[in-house]
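Okay, so the sequence shown: first residue is 1 according to full-length UniProt numbering, each after it adds one.
These notes are about the structure you will find just below.
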Amino acid sequence: MTKRKRIRITQSEDEYWKEPQSNSNQQAQIDEHAETSININQEEGDEVDIEDENGQRRRGKTKLADLWNLPRGHRVVVNCNTQGQPVGNEGGLLGQFLGTIARNGGICTLSHKDWRYVKKDAEKDIIAQVKGKFFYPTRCEKWILKSTGRKWKDYKCDLKGAYFDEKASLKELYNLVPKDVIKDQWVYLVDFWKSNEGKARSIRNTRNRAMLETTHTAGTKSFARVAEEMRKNHPQMKQPQRAEIYLSTHKHKDGTFMNDEIAIDLQKKILENSEGSSSRGEIAWEGDPYSQILGKEKRGYVRGIGLGPSTSEIFKARFEGLKMTTFDEITVEREMRQMKEHMERLENQIQEQNNTIIELKCAVQCLATGRAIECGQLVEPSIGRVSEVEECSARNASDSVHHNGSSKCKKSTRRKKIASDASASHL
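Structure representation (structure tokens):
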């Protein structure tokens with residue numbers, strides 16, 4: 001028989017569950033939404049034990065009849081931890097519900113080989129279905145989509161294991177359409193499994209699976225729910241670190257560990273770091289006992305804490321420091337480039353101003369002697385010629401008393417002669 005667990009139900013028109021910050025706020029919100037508790041048939045996971053009229057028990061898919069038959073407007077209240085992972089019995093029920101969504105070809109089509117394409121088309125429908133039955137915090141949606149994607153992949157794996165035969169022909173496989181799968185989608189799956197790409201992926205996944213040293217014994221209960229139960233059972237309500245979660249989820253019913261060597265090493269490291277872990281209150285951090293024994297994290301995925309959080313979210317402080325450093329470097333580089341460009345513009349402006357001053361000085365002095373054109377031809381506007389222009393101006397001023405308007409400046413005559421000789425030699 002299926003287990004019956006008490007599930008929190010609420011009636012609310014709000015879109016998301018706003019988690020209370022204190023006990024008083026929690027009571028106020030409970031009163032506001034007329035929250036109640038009811039019994040719902042629930043088994044841990046997407047399948048339950050089904051007993052027929054002859055007393056024979058078999059595994060069958062979760063129908064979630066009680067959930068689907070909830071009165072209109074009533075929804076299950078789901079609490080999440082700080083990483084946005086659902087916890088409690090309600091979190092388990094949400095996981096089961098997502099399994100039914102992932103197996104619904106009308107929402108999550110099997111005609112894609114990559115979940116990202118399915119998510120792009122089905123994200124709004126998935127969220128709409130969940131919102132109709134569950135009342136959860138906004139930050140839980142990331143986990144909802146990831147969990148649906150995981151269950152979608154697992155569903156394809158189950159279909160392949162149950163119906164696909166590598167030696168069978170395409171025609172034979174096409175006719176083996178499971179009753180709950182759309183035929184066109186089944187044909188797509190068969191074609192992919194038969195393709196070279198599908199075979200290569202299967203070999204790669206089998207090889208990766210064989211590399212696992214141990215498997216967990218938590219069943220369908222998520223690590224997040226295990227961690228929350230451990231926290232509530234701790235005398236100080238202390239957040240367990242992932243090494244402790246590993247020890248709890250990797251042992252047999254008789255208490256023996258799946259891998260004694262790893263368990264002993266983890267226990268030693270936990271004792272060595274007991275002061276640090278108790279003061280941190282974190283589930284994972286860089287250099288924690290888990291990473292020291294089982295290795296560093298892979299990019300984008302944190303082991304031992306369940307589905308959802310990424311490395312940037314768990315190791316937030318370190319990544320924020322790197323991000324800030326990179327941002328500061330980019331800002332300084334941009335400002336230096338702007339300052340350099342500004343200095344170059346100023347230098348060009350000064351050059352132009354000096355050239356203008358030189359030309360004006362020459363023009364004034366030459367006009368004073370009545371030979372503006374000749375002097376203008378002789379003086380080149382250049383900063384390096386300022387002293388020469390001033391010298392020329394002084395001489396013109398002293399010579400102006402010795403010649404009239406029709407006379408030529410001695411300096412001009414001398415320069416014209418030099419220019420004429422240079423031109424002749426060039427020819």
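C-beta atoms are modelled at their ideal positions from N, C-alpha and C, and glycine is treated no differently.
Straight through space, the alpha carbons of ILE357 and THR369 are spaced by roughly 19 angstroms. Residue pairing of ASN79 in beta bridges, as defined by DSSP: VAL87. The alpha helix (DSSP H) runs lying completely inside the segment 185-251 and spanning 4 residues or more are 196-210, 223-233, 242-249, given in chain order.
Sixteen is the threshold: since fewer than 16 other Cβ atoms of the shown chains lie within 10 Å of the Cβ of TYR117, the residue is exposed.
Three or more beta-carbon pairs separated by less than 8 angstroms link the segment 282-301 to the segment 240-252, which places the two stretches in contact. For PHE164, the three-state secondary structure derived from DSSP is coil. Note: LYS298 is bridge-paired with TYR301 in the DSSP secondary-structure output. A straight line joining the alpha-carbon of GLU359 with that of ARG345 spans about 21 angstroms.
Rounded to whole angstroms, ARG231 and LEU170 show a C-alpha spacing of 52 angstroms. Under the three-state reduction of DSSP output, PHE134 falls in the strand class. Annotation for TRP68: the continuous alpha helix (DSSP H) segment containing it runs 65-68.
In terms of Cβ geometry, ASN259 and THR215 do not form a close pair [threshold 8 angstroms]. Apart from sequence neighbours up to five positions away, the residues of its chain that approach ARG139 with a beta-carbon distance below 7 angstroms are CYS80, GLY84, ordered along the chain.
Three or more Cβ pairs drawn from the segment 132-150 and the segment 101-117 lie within less than 8 angstroms of each other, which places the two stretches in contact. In this structure the segment 215-229 lies against the segment 295-314, because at least three pairs of beta carbons, one per stretch, are closer than 8 angstroms.
Between the alpha carbons of ILE101 and LYS167 lies a gap of roughly 32 angstroms.
Fewer than three pairs of CB atoms, one per stretch, sit closer than 8 angstroms, so the segment 192-210 makes no contact with the segment 121-141. CA-CA distance, TYR163 to ASN233, rounds to 44 angstroms. The continuous stretches of alpha helix (DSSP H) do not include THR256, and DSSP gives it neither H nor E. Membership of THR311 in the alpha helix (DSSP H) is indicated by the continuous run 311-314. Following the DSSP letters along the chain, one finds LEU173 inside the alpha helix (DSSP H) bounded by residues 170-174.
Spanning the alpha carbons of GLN267 and ALA218 requires a straight line of approximately 19 angstroms.
If you draw a 10 Å sphere on the C-beta of TYR136, you find 16 or more other C-beta atoms in it, and that means buried. Its Cα nearest to that of ASP125, the residue ILE144 stands out among ILE144, LYS113, HIS112. Rounded to the nearest angstrom, the gap between the Cα atoms of LEU189 and ASP121 is 18 angstroms. The C-beta separation of VAL76 from PHE134 comes to about 5 angstroms, placing the pair in contact by the 8 angstroms criterion.
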